[in-house]
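Student: The working numbering numbers the first residue of the sequence shown as 456 and each following residue consecutively. Heads up, the beta-carbon is just placed ideally off N, CA and C, and yes, glycines get one too. Below you'll find the structure I mean.
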Amino acid sequence: MNILVINCGSSSLKFQLIDAQTEQMIAKGLCERIGIEGSQLVYQPAGGAKEETVTPMPDHTKAIELVLGALTNEKTGVVKSLQEIGAVGHRIVHGGEKFAASTIITDEVIEAIKACNDLAPLHNPANLIGIDACRKLMPNTPMVGVFDTAFHQTMPKEAYLYGLPYEYYEKYQVRRYGFHGTSHSYVSRRAAELLGKNYEDMKIIVCHLGNGASISAVENGKCVDTSMGLTPLEGLIMGTRSGDIDPAIVEYIAHKEDKSIDEVMTVLNKKSGVLGLSDGLSSDFRDLEKSYVAGEDRGLRTIRTFAYRVAKYIGAYTAVMNGVDAICFTAGVGENSPLVRNLACERLGYLGIALDQEKNDKRGEELEVSTPDSRVKVLVVPTNEELAIARETFALVVEENK
Ligand code: AMP
Numbered sequence: 456m457n458i459l460v461i462n463c464g465s466s467s468l469k470f471q472l473i474d475a476q477t478e479q480m481i482a483k484g485l486c487e488r489i490g491i492e493g494s495q496l497v498y499q500p501a502g503g504a505k506e507e508t509v510t511p512m513p514d515h516t517k518a519i520e521l522v523l524g525a526l527t528n529e530k531t532g533v534v535k536s537l538q539e540i541g542a543v544g545h546r547i548v549h550g551g552e553k554f555a556a557s558t559i560i561t562d563e564v565i566e567a568i569k570a571c572n573d574l575a576p577l578h579n580p581a582n583l584i585g586i587d588a589c590r591k592l593m594p595n596t597p598m599v600g601v602f603d604t605a606f607h608q609t610m611p612k613e614a615y616l617y618g619l620p621y622e623y624y625e626k627y628q629v630r631r632y633g634f635h636g637t638s639h640s641y642v643s644r645r646a647a648e649l650l651g652k653n654y655e656d657m658k659i660i661v662c663h664l665g666n667g668a669s670i671s672a673v674e675n676g677k678c679v680d681t682s683m684g685l686t687p688l689e690g691l692i693m694g695t696r697s698g699d700i701d702p703a704i705v706e707y708i709a710h711k712e713d714k715s716i717d718e719v720m721t722v723l724n725k726k727s728g729v730l731g732l733s734d735g736l737s738s739d740f741r742d743l744e745k746s747y748v749a750g751e752d753r754g755l756r757t758i759r760t761f762a763y764r765v766a767k768y769i770g771a772y773t774a775v776m777n778g779v780d781a782i783c784f785t786a787g788v789g790e791n792s793p794l795v796r797n798l799a800c801e802r803l804g805y806l807g808i809a810l811d812q813e814k815n816d817k818r819g820e821e822l823e824v825s826t827p828d829s830r831v832k833v834l835v836v837p838t839n840e841e842l843a844i845a846r847e848t849f850a851l852v853v854e855e856n857k
């Protein structure tokens, strides 16, 4: 069965068509600038040439219509008709406390996702638009929602509660939810597989270090803590997001800079993180590493501070689980930055961690980078959120048709 995976943002849409049996990607692409002038479709069949078509996309329905047109195109398409798409898996950012697992999308499910819109006002409405557009164009194709928050729903209360008046949790569901759940789940499972161990018997820490970054503690196959919170702003230092700060800074900066709370929040989300720390040099680690290697303070302080926070969380999560068997690095920075992995791990010698420098120098490969006698295994596991969504979608559709 072919599964179409859709990841819909407010003005963009990424897609992949995946053969659920072979787990091979058949085609992929994205629509950019939906609803904005200059929108374009990028489409690439596996092993084929990338096509870029600038064409008007006033809304998401038009974008999905173009995607389906590209997939079924006589010359460059990969399927003869839409009948060959067995199901659609939608990435949904926030499932609140309602969704602890992926689910077949029904009218009731859509209402329940809408009820979480307040928790992710930028993302959930866009995800819902994508679902709506797909349902219009493929009314008989089953749709599945896969939530970024679902994997973290197993966190115990002591991990997800904030030290705030309890009524805020009861009235407004103010608590820690965590994100990147599909990635944390995929990578931790894959790590157990690679090590030939039983997933349910392991203590794993996953460091998802991309433009957004989060860490999770996975004990016996269940997430017990993760660094992002009510929103993806909490936790690690990210590309442009601050991660953990003293909340009093919001008021302090608002006064000093004569900014509103909304304006300060924009600074925390868009102008902070490694971009802010490097004084605007870049949010991209490739640029920051160049600066680090050149011995410039901007690169040195930024990457050191970033890696320090990663090491700090690994220490905290080792305490949370009373031990750790494997630490995994994934996403853009985790997969491609030997420097960050080294700087984070060099603080963890007390755990009996030692990296094999030759292996750690590789980029983007799935491999164990610790030495054979390292007490804790360190792995690089490239994440594959699309494949994880396709797997979940396929499993639910097969179950439904039993
Ligand atoms: P992601 O959000 O997972 O797509 O990660 C994107 C980020 O990964 C980029 O902004 C870069 O900071 C980082 N990245 C990608 N490739 C490399 C590389 N070769 N070396 C270091 N960092 C990289």
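With a CB to CB cut of under 6 Å and the five nearest residues on each side skipped, what residues in its chain are close to residue 498?
Tutor: Here residue 498 refers to the residue found at position 43 of the sequence shown. Once the five neighbours on either side are set aside, the close Cβ partners of residue 498 are 484, 506, 525.
Student: Let me confirm a value: residue 619 is counted as buried when at least 16 other C-beta atoms fall within 10 Å, else exposed. Which label applies?
Tutor: Walking along the sequence shown from the start, residue 619 turns up at place 164. With fewer than 16 other Cβ atoms within 10 Å, it is exposed.
Student: In terms of residue numbering, what span does the beta strand (DSSP E) encompassing residue 474 cover?
Tutor: Along the sequence shown, read from residue 1 onward, the residue named residue 474 stands at position 19. 468-474 is the extent of the beta strand (DSSP E) around residue 474.
Student: Decide yes or no for the touch test of the region 762-772 against the region 663-675: beta carbon pairs closer than 8 Å, at least 3 of them.
Tutor: yes
Student: I believe residue 549 touches residue 575 by the beta-carbon criterion, under 8 Å. Please report the beta-carbon distance rounded to the nearest angstrom.
Tutor: Here the question's residue 549 lines up with position 94 in the sequence shown. Here the question's residue 575 lines up with position 120 in the sequence shown. Correct: roughly 4 Å between the Cβ atoms.
Student: My guess is that residue 494 and residue 511 are in contact by the Cβ rule of under 8 Å, so how many angstroms apart are they, rounded?
Tutor: For the purposes of this step, residue 494 is identified with residue 39 of the sequence shown, where counting begins at 1. For the purposes of this step, residue 511 is identified with residue 56 of the sequence shown, where counting begins at 1. Sure, about 6 Å apart at Cβ, within 8 Å.
Student: Looking at C-beta atoms only, is the number of pairs between the region 659-669 and the region 780-798 that lie closer than 8 Å three or more?
Tutor: Taking one beta carbon from each stretch, the region 659-669 and the region 780-798 have 3 or more pairs nearer than 8 Å; the two touch.
Student: Under a three-way DSSP split, which group does residue 619 fall into?
Tutor: For this step, residue 619 is matched to residue 164 along the sequence shown. Note: residue 619 maps to coil in three-state DSSP.
Student: When DSSP labels each residue in this structure, what does residue 721 get in the three-state scheme?
Tutor: Here the question's residue 721 lines up with position 266 in the sequence shown. The answer is helix: DSSP assigns residue 721 an H, G or I state.
Student: Apart from the five residues just before and just after residue 788, which ones in its own chain have a Cβ nearer than 8 Å to its Cβ?
Tutor: Translated into the one-based positions of the sequence shown, residue 788 becomes position 333. Around residue 788: 664, 665, 668, 740, 795.
Student: Of the residues 552, 641, 561, which one's Cα is nearest the Cα of residue 543?
Tutor: Here residue 543 is taken as the residue at index 88 of the sequence shown, counted from 1. Checked all of 552, 641, 561; the closest Cα to residue 543 is 561.
Student: Based on DSSP bridge pairs, tell me the residues matched to residue 462.
Tutor: In the sequence shown, residue 462 corresponds to position 7, counting from 1. 469.
Student: If you follow the alpha helix (DSSP H) that residue 485 is in, where does it begin and where does it stop?
Tutor: Position 30 of the sequence shown, counted from the start, is the residue given in the question as residue 485. Taken as a continuous stretch (DSSP letters only), residue 485 belongs to no alpha helix (DSSP H), being part of the beta strand (DSSP E) at 479-487.
Student: Quick check on residue 838: buried or exposed, where buried means 16 or more other Cβ atoms within 10 Å of its Cβ?
Tutor: Counted from its first residue, the sequence shown places residue 838 at position 383. Residue 838 is buried by the Cβ-count criterion.
Student: Helix, strand or coil: how does DSSP classify residue 819 here?
Tutor: As a working mapping, residue 819 is identified with position 364 in the sequence shown. If DSSP states are grouped into helix, strand and coil, residue 819 belongs with coil.
Student: For the candidate residues 687, 791, 476, 752, whose alpha-carbon lies nearest to that of residue 822?
Tutor: Residue numbering aside, residue 822 sits at position 367 when the sequence shown is read from its first letter. For the residues 687, 791, 476, 752, the minimum Cα distance to residue 822 belongs to 791.
Student: Who sits around ligand 1, taking every residue whose Cβ is closer than 7 Å to one of its heavy atoms?
Tutor: Chain-ordered list of matching residues: 665, 666, 667, 694, 738, 739, 740, 741, 744, 786, 787, 788, 791, 792, 818.
Student: Could you tell me the alpha carbon to alpha carbon distance between residue 468 and residue 461, rounded to whole angstroms?
Tutor: If you number the sequence shown from 1, residue 468 lands on position 13. If you number the sequence shown from 1, residue 461 lands on position 6. Computed Cα separation, rounded: 7 Å.
Student: For residue 776, which of helix, strand or coil comes out of DSSP?
Tutor: Against the sequence shown, residue 776 aligns to sequence position 321. Three-state DSSP puts residue 776 in a helix.
Student: Which same chain residues end up closer than 7 Å to residue 730 when comparing Cβ atoms and leaving out the 5 residues on each side of it in sequence?
Tutor: Within the sequence shown, numbered from 1, the residue matching residue 730 stands at position 275. Hits under 7 Å: 694, 695, 737, 738.
Student: For residue 604 and residue 635, I'd like the C-alpha separation in whole angstroms.
Tutor: Within the sequence shown, the letter at position 149 stands for residue 604. Within the sequence shown, the letter at position 180 stands for residue 635. Roughly 7 Å between the two C-alpha positions.
Student: Rounded to a whole number of angstroms, what is the C-alpha to C-alpha distance between residue 558 and residue 545?
Tutor: As a first step, residue 558 is located in the sequence shown; it is residue number 103 there, counting from the start. As a first step, residue 545 is located in the sequence shown; it is residue number 90 there, counting from the start. About 10 Å.
Student: Could I get the ranges of all uninterrupted beta strand (DSSP E) runs contained in the region 670-718, with 3 residues as the minimum, in chain order?
Tutor: 677-681
Student: List the residues that DSSP assigns as beta-bridge partners of residue 598.
Tutor: The residue given as residue 598 occupies position 143 in the sequence shown. Its beta-bridge partners are 543.
Student: Could you give the uninterrupted runs of the alpha helix (DSSP H) lying entirely in the region 508-553, keeping only those of 4 residues or more?
Tutor: Segments of the alpha helix (DSSP H) lying fully in the region 508-553: 515-526.
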